[in-house]
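Trainee: Residue numbers (UniProt numbering): 1 to 415.
We put the beta carbon where it would ideally sit given N, CA and C, even for glycine.
Since we're looking at a predicted model, the values are computed, not measured.
Shown next, in the form of C-alpha coordinates:
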(Lines of atoms letter the chains of each structure in order from A; the text may use other names.)
(Lines give C-alpha, C1' and ligand atoms only; values in the text may rest on other atoms or scores of the structure.)
Protein backbone atom coordinates (compact mmCIF):
# COMPACT_ATOMS: atom_id res chain seq x y z
CA UNK A 1 0.00 0.00 0.00
CA UNK A 2 1.45 3.42 -1.02
CA UNK A 3 1.45 6.56 1.09
CA UNK A 4 -1.39 7.98 -1.06
CA UNK A 5 -3.57 4.90 -0.51
CA UNK A 6 -3.17 4.91 3.28
CA UNK A 7 -5.62 7.81 3.96
CA UNK A 8 -8.22 6.13 1.71
CA UNK A 9 -7.97 2.90 3.69
CA UNK A 10 -8.44 4.83 6.93
CA UNK A 11 -11.44 6.67 5.50
CA UNK A 12 -13.16 3.45 4.39
CA UNK A 13 -12.77 1.78 7.75
CA UNK A 14 -16.10 1.30 9.53
CA UNK A 15 -16.44 1.51 13.29
CA UNK A 16 -19.03 -0.87 14.69
CA UNK A 17 -17.76 -1.15 18.27
CA UNK A 18 -20.65 0.23 20.31
CA UNK A 19 -19.34 -0.94 23.68
CA UNK A 20 -18.54 1.76 26.22
CA UNK A 21 -14.89 1.90 27.38
CA UNK A 22 -14.12 0.49 30.82
CA UNK A 23 -13.03 3.91 32.11
CA UNK A 24 -16.61 5.13 31.60
CA UNK A 25 -18.27 1.95 32.83
CA UNK A 26 -16.22 2.04 36.04
CA UNK A 27 -16.83 5.75 36.65
CA UNK A 28 -19.31 6.11 39.53
CA UNK A 29 -20.73 9.33 38.07
CA UNK A 30 -22.00 7.45 34.99
CA UNK A 31 -23.10 4.22 36.68
CA UNK A 32 -26.84 4.66 36.05
CA UNK A 33 -26.52 5.83 32.46
CA UNK A 34 -23.88 3.23 31.64
CA UNK A 35 -26.06 0.46 33.04
CA UNK A 36 -29.04 1.59 30.97
CA UNK A 37 -26.91 1.74 27.82
CA UNK A 38 -25.49 -1.74 28.43
CA UNK A 39 -29.02 -3.09 28.95
CA UNK A 40 -30.03 -1.57 25.62
CA UNK A 41 -27.03 -3.22 23.95
CA UNK A 42 -27.94 -6.59 25.45
CA UNK A 43 -31.55 -6.17 24.35
CA UNK A 44 -30.41 -5.26 20.84
CA UNK A 45 -28.23 -8.37 20.66
CA UNK A 46 -31.14 -10.57 21.73
CA UNK A 47 -33.43 -8.85 19.26
CA UNK A 48 -30.92 -9.25 16.41
CA UNK A 49 -30.50 -12.93 17.24
CA UNK A 50 -34.27 -13.47 17.39
CA UNK A 51 -34.88 -11.65 14.10
CA UNK A 52 -32.13 -13.60 12.35
CA UNK A 53 -33.48 -16.89 13.69
CA UNK A 54 -37.04 -16.03 12.68
CA UNK A 55 -35.92 -14.97 9.22
CA UNK A 56 -34.14 -18.29 8.72
CA UNK A 57 -37.21 -20.15 9.98
CA UNK A 58 -39.47 -18.23 7.59
CA UNK A 59 -37.17 -18.90 4.65
CA UNK A 60 -37.13 -22.58 5.57
CA UNK A 61 -40.93 -22.64 5.91
CA UNK A 62 -41.38 -21.05 2.49
CA UNK A 63 -39.63 -24.07 0.98
CA UNK A 64 -42.17 -26.42 2.57
CA UNK A 65 -45.93 -26.62 1.95
CA UNK A 66 -47.92 -24.34 4.22
CA UNK A 67 -51.40 -25.78 4.62
CA UNK A 68 -54.59 -24.69 6.31
CA UNK A 69 -57.83 -26.54 6.98
CA UNK A 70 -60.80 -24.67 5.53
CA UNK A 71 -64.50 -25.42 5.46
CA UNK A 72 -66.20 -26.15 2.14
CA UNK A 73 -69.99 -25.77 2.32
CA UNK A 74 -71.93 -27.97 -0.11
CA UNK A 75 -75.47 -27.15 -1.26
CA UNK A 76 -77.91 -29.71 -2.69
CA UNK A 77 -81.23 -28.62 -4.16
CA UNK A 78 -83.66 -29.62 -6.90
CA UNK A 79 -86.45 -28.30 -9.03
CA UNK A 80 -89.25 -30.12 -10.86
CA UNK A 81 -91.19 -29.40 -14.03
CA UNK A 82 -94.14 -30.89 -15.92
CA UNK A 83 -95.45 -32.67 -12.85
CA UNK A 84 -99.12 -33.44 -12.45
CA UNK A 85 -99.56 -31.13 -9.48
CA UNK A 86 -98.06 -28.25 -11.50
CA UNK A 87 -100.59 -28.51 -14.32
CA UNK A 88 -103.62 -26.24 -14.38
CA UNK A 89 -106.86 -26.80 -16.21
CA UNK A 90 -106.35 -26.69 -19.94
CA UNK A 91 -102.62 -26.11 -19.61
CA UNK A 92 -99.77 -28.59 -19.83
CA UNK A 93 -101.77 -31.40 -21.37
CA UNK A 94 -99.86 -31.29 -24.66
CA UNK A 95 -96.48 -32.98 -24.63
CA UNK A 96 -93.66 -31.97 -26.99
CA UNK A 97 -91.13 -34.78 -27.19
CA UNK A 98 -88.69 -32.69 -29.22
CA UNK A 99 -88.35 -29.86 -26.70
CA UNK A 100 -89.29 -31.85 -23.63
CA UNK A 101 -92.12 -29.50 -22.68
CA UNK A 102 -94.85 -31.16 -20.70
CA UNK A 103 -92.73 -34.22 -19.83
CA UNK A 104 -92.38 -34.73 -16.05
CA UNK A 105 -88.75 -34.08 -15.10
CA UNK A 106 -86.50 -32.92 -12.27
CA UNK A 107 -83.15 -31.13 -11.96
CA UNK A 108 -80.51 -31.69 -9.29
CA UNK A 109 -78.15 -28.83 -8.46
CA UNK A 110 -74.85 -29.42 -6.67
CA UNK A 111 -73.05 -26.26 -5.61
CA UNK A 112 -70.45 -25.23 -3.07
CA UNK A 113 -68.36 -22.37 -1.76
CA UNK A 114 -65.45 -21.91 0.60
CA UNK A 115 -66.36 -20.22 3.86
CA UNK A 116 -64.39 -17.13 4.79
CA UNK A 117 -62.00 -17.13 7.71
CA UNK A 118 -63.57 -15.31 10.70
CA UNK A 119 -62.16 -11.86 11.48
CA UNK A 120 -59.92 -11.90 8.40
CA UNK A 121 -58.62 -8.58 7.15
CA UNK A 122 -59.98 -7.48 3.80
CA UNK A 123 -56.49 -7.15 2.30
CA UNK A 124 -55.75 -10.78 3.23
CA UNK A 125 -58.80 -12.16 1.45
CA UNK A 126 -57.96 -14.19 -1.63
CA UNK A 127 -60.15 -14.19 -4.76
CA UNK A 128 -62.93 -16.80 -4.43
CA UNK A 129 -62.28 -20.15 -6.08
CA UNK A 130 -64.94 -21.88 -8.11
CA UNK A 131 -66.51 -25.03 -6.75
CA UNK A 132 -65.10 -27.47 -9.30
CA UNK A 133 -61.52 -26.57 -8.32
CA UNK A 134 -62.09 -28.37 -5.02
CA UNK A 135 -63.32 -31.58 -6.67
CA UNK A 136 -61.18 -34.19 -8.41
CA UNK A 137 -64.01 -36.56 -9.25
CA UNK A 138 -67.73 -36.78 -8.57
CA UNK A 139 -70.15 -39.65 -9.08
CA UNK A 140 -73.95 -39.44 -8.75
CA UNK A 141 -75.81 -42.73 -8.45
CA UNK A 142 -79.61 -42.78 -8.98
CA UNK A 143 -81.76 -45.56 -7.55
CA UNK A 144 -84.12 -46.03 -10.52
CA UNK A 145 -85.36 -48.92 -12.63
CA UNK A 146 -83.10 -49.09 -15.73
CA UNK A 147 -85.95 -50.63 -17.71
CA UNK A 148 -88.12 -47.54 -17.19
CA UNK A 149 -85.29 -44.99 -17.38
CA UNK A 150 -82.69 -46.11 -19.92
CA UNK A 151 -80.91 -42.71 -20.06
CA UNK A 152 -78.38 -43.78 -17.42
CA UNK A 153 -78.52 -43.95 -13.66
CA UNK A 154 -74.85 -43.11 -13.04
CA UNK A 155 -73.35 -39.72 -13.84
CA UNK A 156 -69.60 -39.20 -13.44
CA UNK A 157 -67.52 -36.04 -13.70
CA UNK A 158 -63.73 -36.17 -13.78
CA UNK A 159 -61.64 -33.03 -13.80
CA UNK A 160 -59.18 -32.79 -16.63
CA UNK A 161 -56.17 -30.53 -17.13
CA UNK A 162 -56.94 -27.03 -18.43
CA UNK A 163 -60.65 -27.61 -17.90
CA UNK A 164 -62.77 -24.54 -17.27
CA UNK A 165 -63.74 -24.10 -13.63
CA UNK A 166 -67.45 -24.36 -12.75
CA UNK A 167 -69.56 -22.85 -9.99
CA UNK A 168 -71.77 -25.93 -9.77
CA UNK A 169 -73.27 -28.96 -11.51
CA UNK A 170 -76.79 -29.61 -12.79
CA UNK A 171 -78.23 -33.05 -13.61
CA UNK A 172 -81.59 -33.27 -15.42
CA UNK A 173 -83.65 -36.44 -15.71
CA UNK A 174 -87.24 -37.25 -16.63
CA UNK A 175 -89.58 -38.90 -14.18
CA UNK A 176 -92.36 -38.37 -11.68
CA UNK A 177 -91.40 -40.97 -9.10
CA UNK A 178 -89.34 -40.44 -5.92
CA UNK A 179 -85.61 -41.01 -6.50
CA UNK A 180 -82.88 -41.72 -3.98
CA UNK A 181 -79.49 -40.27 -4.90
CA UNK A 182 -76.03 -41.19 -3.66
CA UNK A 183 -73.37 -38.55 -4.32
CA UNK A 184 -69.67 -39.40 -4.02
CA UNK A 185 -67.15 -36.54 -4.05
CA UNK A 186 -63.37 -36.96 -4.14
CA UNK A 187 -61.93 -33.72 -2.82
CA UNK A 188 -58.79 -32.01 -4.07
CA UNK A 189 -56.48 -31.54 -1.08
CA UNK A 190 -53.25 -29.53 -1.22
CA UNK A 191 -50.90 -31.15 -0.45
CA UNK A 192 -52.37 -34.48 -1.46
CA UNK A 193 -53.92 -36.52 1.33
CA UNK A 194 -53.77 -40.30 1.62
CA UNK A 195 -55.67 -42.89 3.57
CA UNK A 196 -53.32 -44.94 5.73
CA UNK A 197 -53.88 -48.69 5.79
CA UNK A 198 -55.07 -49.92 9.20
CA UNK A 199 -51.96 -52.12 9.65
CA UNK A 200 -49.79 -49.01 9.92
CA UNK A 201 -52.42 -46.40 10.78
CA UNK A 202 -53.44 -48.13 14.01
CA UNK A 203 -49.79 -48.21 15.15
CA UNK A 204 -49.17 -44.53 14.38
CA UNK A 205 -52.63 -43.35 15.39
CA UNK A 206 -53.49 -41.67 12.07
CA UNK A 207 -56.13 -42.40 9.44
CA UNK A 208 -55.44 -39.75 6.80
CA UNK A 209 -52.43 -37.54 6.25
CA UNK A 210 -49.92 -36.40 3.66
CA UNK A 211 -47.10 -38.69 2.61
CA UNK A 212 -44.61 -36.50 4.46
CA UNK A 213 -46.83 -36.48 7.54
CA UNK A 214 -46.98 -40.29 7.63
CA UNK A 215 -43.19 -40.56 7.27
CA UNK A 216 -42.65 -38.02 10.06
CA UNK A 217 -45.11 -39.86 12.31
CA UNK A 218 -43.28 -43.14 11.68
CA UNK A 219 -39.91 -41.54 12.42
CA UNK A 220 -41.23 -40.03 15.65
CA UNK A 221 -42.51 -43.47 16.66
CA UNK A 222 -39.07 -44.96 15.94
CA UNK A 223 -37.33 -42.31 18.05
CA UNK A 224 -39.77 -42.65 20.95
CA UNK A 225 -39.45 -46.43 20.95
CA UNK A 226 -35.65 -46.20 20.49
CA UNK A 227 -35.69 -48.61 17.55
CA UNK A 228 -32.48 -47.44 15.86
CA UNK A 229 -29.74 -50.05 15.76
CA UNK A 230 -27.24 -49.87 18.58
CA UNK A 231 -24.29 -50.65 16.28
CA UNK A 232 -25.50 -49.49 12.87
CA UNK A 233 -27.69 -46.41 13.32
CA UNK A 234 -28.87 -46.66 9.70
CA UNK A 235 -30.79 -49.83 10.49
CA UNK A 236 -34.20 -49.79 12.19
CA UNK A 237 -35.02 -52.74 14.42
CA UNK A 238 -38.82 -53.00 14.26
CA UNK A 239 -40.89 -53.81 17.32
CA UNK A 240 -43.69 -56.37 17.31
CA UNK A 241 -46.31 -53.89 16.02
CA UNK A 242 -44.23 -52.64 13.10
CA UNK A 243 -43.13 -56.19 12.28
CA UNK A 244 -46.76 -57.15 11.80
CA UNK A 245 -47.19 -54.26 9.37
CA UNK A 246 -43.93 -54.42 7.38
CA UNK A 247 -43.46 -58.22 7.59
CA UNK A 248 -39.72 -57.82 8.30
CA UNK A 249 -37.58 -57.58 11.42
CA UNK A 250 -35.12 -54.92 10.26
CA UNK A 251 -35.45 -52.17 7.68
CA UNK A 252 -32.91 -49.67 6.38
CA UNK A 253 -33.52 -46.02 7.22
CA UNK A 254 -33.27 -44.91 3.59
CA UNK A 255 -35.99 -47.38 2.59
CA UNK A 256 -38.60 -46.05 5.03
CA UNK A 257 -40.33 -43.76 2.46
CA UNK A 258 -40.56 -46.60 -0.03
CA UNK A 259 -41.96 -48.91 2.64
CA UNK A 260 -44.54 -46.31 3.70
CA UNK A 261 -45.84 -45.95 0.13
CA UNK A 262 -47.26 -49.48 0.31
CA UNK A 263 -49.69 -48.39 3.02
CA UNK A 264 -50.96 -45.22 1.31
CA UNK A 265 -54.28 -45.34 -0.52
CA UNK A 266 -56.63 -42.76 -2.04
CA UNK A 267 -58.78 -41.15 0.65
CA UNK A 268 -62.41 -42.15 1.06
CA UNK A 269 -64.88 -39.95 -0.82
CA UNK A 270 -67.43 -37.67 0.76
CA UNK A 271 -70.77 -39.51 0.53
CA UNK A 272 -74.03 -37.56 0.55
CA UNK A 273 -77.56 -38.97 0.33
CA UNK A 274 -80.40 -36.98 -1.19
CA UNK A 275 -83.99 -37.80 -2.08
CA UNK A 276 -86.05 -36.14 -4.80
CA UNK A 277 -89.84 -36.48 -4.63
CA UNK A 278 -91.32 -34.85 -7.74
CA UNK A 279 -94.88 -35.26 -6.44
CA UNK A 280 -94.41 -32.48 -3.88
CA UNK A 281 -93.05 -28.98 -4.00
CA UNK A 282 -89.23 -28.78 -3.52
CA UNK A 283 -87.88 -27.27 -0.29
CA UNK A 284 -87.41 -23.52 -0.33
CA UNK A 285 -83.88 -23.77 1.04
CA UNK A 286 -81.15 -26.12 -0.18
CA UNK A 287 -79.63 -28.79 2.03
CA UNK A 288 -76.20 -27.71 3.30
CA UNK A 289 -73.25 -29.86 4.34
CA UNK A 290 -69.86 -28.73 5.68
CA UNK A 291 -66.72 -30.68 4.86
CA UNK A 292 -63.08 -29.90 5.66
CA UNK A 293 -60.55 -29.47 2.89
CA UNK A 294 -56.77 -29.01 3.06
CA UNK A 295 -55.36 -26.22 0.93
CA UNK A 296 -52.34 -23.95 0.60
CA UNK A 297 -52.40 -21.11 3.09
CA UNK A 298 -51.84 -18.34 0.56
CA UNK A 299 -52.29 -15.57 3.12
CA UNK A 300 -49.69 -16.97 5.50
CA UNK A 301 -47.22 -17.51 2.66
CA UNK A 302 -47.74 -13.95 1.48
CA UNK A 303 -47.09 -12.59 4.97
CA UNK A 304 -43.96 -14.72 5.34
CA UNK A 305 -42.72 -13.56 1.94
CA UNK A 306 -43.22 -9.96 3.00
CA UNK A 307 -41.06 -10.57 6.07
CA UNK A 308 -38.20 -11.75 3.86
CA UNK A 309 -38.72 -9.10 1.19
CA UNK A 310 -38.90 -6.24 3.68
CA UNK A 311 -35.43 -7.12 4.97
CA UNK A 312 -33.89 -5.65 1.83
CA UNK A 313 -30.40 -4.34 1.32
CA UNK A 314 -31.73 -0.80 1.72
CA UNK A 315 -33.03 -1.48 5.24
CA UNK A 316 -29.78 -3.29 6.06
CA UNK A 317 -27.79 -0.27 4.91
CA UNK A 318 -29.96 1.96 7.07
CA UNK A 319 -29.34 -0.22 10.11
CA UNK A 320 -25.61 -0.28 9.39
CA UNK A 321 -25.61 3.51 9.12
CA UNK A 322 -27.29 3.79 12.52
CA UNK A 323 -24.75 1.39 14.03
CA UNK A 324 -21.92 3.49 12.62
CA UNK A 325 -23.43 6.65 14.09
CA UNK A 326 -23.73 5.00 17.50
CA UNK A 327 -20.12 3.82 17.30
CA UNK A 328 -18.96 7.35 16.41
CA UNK A 329 -20.90 8.76 19.36
CA UNK A 330 -19.27 6.20 21.65
CA UNK A 331 -15.83 7.19 20.36
CA UNK A 332 -16.69 10.87 20.77
CA UNK A 333 -17.84 10.13 24.31
CA UNK A 334 -14.55 8.39 25.02
CA UNK A 335 -12.56 11.36 23.68
CA UNK A 336 -14.67 13.78 25.73
CA UNK A 337 -14.09 11.68 28.84
CA UNK A 338 -10.32 11.81 28.25
CA UNK A 339 -10.48 15.59 27.82
CA UNK A 340 -12.65 15.92 30.92
CA UNK A 341 -10.25 13.84 33.01
CA UNK A 342 -7.34 15.92 31.67
CA UNK A 343 -8.93 19.25 32.56
CA UNK A 344 -10.22 18.11 35.96
CA UNK A 345 -6.76 16.91 36.93
CA UNK A 346 -5.28 20.25 35.84
CA UNK A 347 -7.91 22.23 37.77
CA UNK A 348 -7.41 20.17 40.93
CA UNK A 349 -3.61 20.70 41.20
CA UNK A 350 -2.04 22.58 38.28
CA UNK A 351 1.58 22.34 39.52
CA UNK A 352 1.50 18.61 40.14
CA UNK A 353 -0.37 18.06 36.89
CA UNK A 354 2.25 19.97 34.87
CA UNK A 355 5.06 18.00 36.49
CA UNK A 356 3.30 14.72 35.78
CA UNK A 357 2.53 15.75 32.24
CA UNK A 358 6.12 16.87 31.56
CA UNK A 359 7.42 13.57 32.92
CA UNK A 360 5.04 11.70 30.65
CA UNK A 361 6.08 13.76 27.63
CA UNK A 362 9.75 13.25 28.49
CA UNK A 363 9.25 9.50 28.50
CA UNK A 364 7.47 9.71 25.16
CA UNK A 365 10.24 11.88 23.73
CA UNK A 366 12.90 9.52 25.04
CA UNK A 367 11.02 6.61 23.50
CA UNK A 368 10.82 8.37 20.14
CA UNK A 369 14.40 9.62 20.00
CA UNK A 370 15.95 6.57 21.65
CA UNK A 371 14.69 4.06 19.10
CA UNK A 372 16.34 5.25 15.90
CA UNK A 373 17.38 2.41 13.61
CA UNK A 374 20.58 4.01 12.30
CA UNK A 375 23.59 6.01 13.43
CA UNK A 376 22.75 9.63 14.26
CA UNK A 377 19.05 8.91 15.03
CA UNK A 378 19.64 7.98 18.67
CA UNK A 379 20.59 10.13 21.67
CA UNK A 380 23.56 9.27 23.82
CA UNK A 381 22.91 8.92 27.53
CA UNK A 382 25.41 11.67 28.51
CA UNK A 383 23.69 14.18 26.19
CA UNK A 384 20.37 13.62 27.94
CA UNK A 385 21.94 14.79 31.20
CA UNK A 386 22.82 18.27 29.83
CA UNK A 387 19.98 20.85 29.95
CA UNK A 388 21.46 22.73 26.98
CA UNK A 389 20.67 19.71 24.85
CA UNK A 390 16.93 20.37 25.17
CA UNK A 391 17.25 24.01 24.13
CA UNK A 392 18.39 23.08 20.65
CA UNK A 393 16.01 23.60 17.62
CA UNK A 394 15.33 19.87 17.26
CA UNK A 395 13.15 19.89 20.40
CA UNK A 396 10.47 22.12 18.89
CA UNK A 397 10.47 20.07 15.71
CA UNK A 398 10.21 16.77 17.61
CA UNK A 399 7.26 18.02 19.67
CA UNK A 400 5.47 19.17 16.52
CA UNK A 401 6.02 15.79 14.87
CA UNK A 402 4.81 13.89 17.96
CA UNK A 403 1.65 15.97 18.34
CA UNK A 404 0.95 15.74 14.60
CA UNK A 405 1.15 11.94 14.70
CA UNK A 406 -1.09 11.75 17.75
CA UNK A 407 -3.74 14.05 16.25
CA UNK A 408 -3.62 12.23 12.91
CA UNK A 409 -4.22 8.87 14.58
CA UNK A 410 -7.23 10.20 16.50
CA UNK A 411 -8.72 11.82 13.42
CA UNK A 412 -8.32 8.53 11.55
CA UNK A 413 -10.13 6.62 14.30
CA UNK A 414 -13.03 9.10 14.40
CA UNK A 415 -13.49 8.81 10.63
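Taking only three categories from DSSP, how would you classify residue 78?
Mentor: Three-state DSSP puts residue 78 in a strand.
Trainee: Thinking C-alpha only, which one of 270, 354, 396, 348 is nearest residue 73?
Mentor: With distances taken between Cα atoms, residue 73 lies closest to 270.
Trainee: Closer than 8 Å is the cut-off here; do at least three beta carbon pairs connect the region 164-176 with the region 103-112?
Mentor: A contact exists between the region 164-176 and the region 103-112.
Trainee: Does the region 342-353 come within contact of the region 25-41, defined as at least 3 CB pairs closer than 8 Å?
Mentor: Too few Cβ pairs lie closer than 8 Å, so no.
Trainee: Hey, could you find the ends of the alpha helix (DSSP H) residue 126 is sitting in?
Mentor: Premise fails: residue 126 is in no alpha helix (DSSP H) and is neither H nor E.
Trainee: What are the boundary residues of the alpha helix (DSSP H) that includes residue 246?
Mentor: That run of the alpha helix (DSSP H) goes 240-246.
Trainee: If you draw a straight line from the alpha carbon of residue 323 to that of residue 41, how long is it in whole angstroms?
Mentor: Roughly 11 Å between the two C-alpha positions.
Trainee: Counting Cβ pairs, one atom from each stretch, are 3 or more of them under 8 Å apart for the region 66-83 and the region 110-126?
Mentor: Contact between the region 66-83 and the region 110-126 is present, because at least three Cβ pairs lie under 8 Å.
Trainee: With DSSP as the reference, label residue 350 as helix, strand or coil.
Mentor: Reduced to three states, the DSSP call for residue 350 is helix.
Trainee: From the DSSP output, in three-state form, read off residue 285 for me.
Mentor: Here residue 285 sits in coil by DSSP.
Trainee: Leaving out five residues before and five after residue 266 in sequence, what residues of the same chain have Cβ atoms less than 8 Å from its Cβ?
Mentor: Here the set comprises 186, 194, 195.
Trainee: If you follow the beta strand (DSSP E) that residue 207 is in, where does it begin and where does it stop?
Mentor: No beta strand (DSSP E) holds residue 207; DSSP gives it neither H nor E.
Trainee: Output needed for residue 117: all residues of its chain with C-beta closer than 7 Å, excluding positions within five of it in sequence on either side, in chain order.
Mentor: None.
Trainee: Thinking C-beta only, is residue 337 closer than 8 Å to residue 23?
Mentor: The answer is yes: Cβ separation under 8 Å.
Trainee: If you measure from the CB of residue 152, is any heavy atom of the ligand HEM nearer than 7 Å?
Mentor: Questions concerning the ligand HEM fall outside what the structure shown contains, since it holds no ligand whatsoever.
Trainee: Considering just the uninterrupted stretch of the alpha helix (DSSP H) at residue 59, what are its terminal residues?
Mentor: 31-62 is the span of the alpha helix (DSSP H), which, as asked, contains residue 59.
Trainee: With three or more beta-carbon pairs closer than 8 Å as the criterion, would you say the region 242-251 touches the region 195-205?
Mentor: Short answer: they touch.
Trainee: Is residue 263 helix, strand or coil when you go by DSSP?
Mentor: Of the three classes helix, strand and coil, the one that applies to residue 263 here is coil, per DSSP.
Trainee: Are residue 133 and residue 188 touching if we call contact CB-CB under 8 Å?
Mentor: For residue 133 and residue 188, yes; Cβs fall inside 8 Å.
Trainee: Any idea what DSSP makes of residue 397, helix, strand or coil?
Mentor: Residue 397: helix per DSSP, three-state reduction.
Trainee: Assign residue 403 to one of three DSSP states: helix, strand, or coil.
Mentor: Residue 403: helix per DSSP, three-state reduction.
Trainee: At a cut of 8 Å, does the region 155-168 reach the region 134-142 through at least three beta carbon pairs?
Mentor: These segments touch.
Trainee: Is residue 320 helix, strand or coil when you go by DSSP?
Mentor: It is helical.
Trainee: Would a C-beta distance cut-off of 8 Å place residue 216 and residue 294 closer than the cut-off?
Mentor: Taking 8 Å as the Cβ cut-off, residue 216 and residue 294 do not qualify as a contacting pair.
Trainee: Which residue from 234, 253, 227 puts its Cα closest to that of residue 241?
Mentor: Of 234, 253, 227, the residue nearest in Cα terms is 227.
Trainee: Where do the N-terminal and C-terminal ends of the beta strand (DSSP E) with residue 227 fall, by residue?
Mentor: Unbroken run through residue 227: none, as it is neither H nor E.
Trainee: On the CB-based measure, 16 or more other CB atoms within 10 Å of its CB, does residue 78 come out buried or exposed?
Mentor: Result: buried.
Trainee: Tell me the DSSP secondary structure of residue 365 in three-state form.
Mentor: Residue state, collapsed to three classes: helix.
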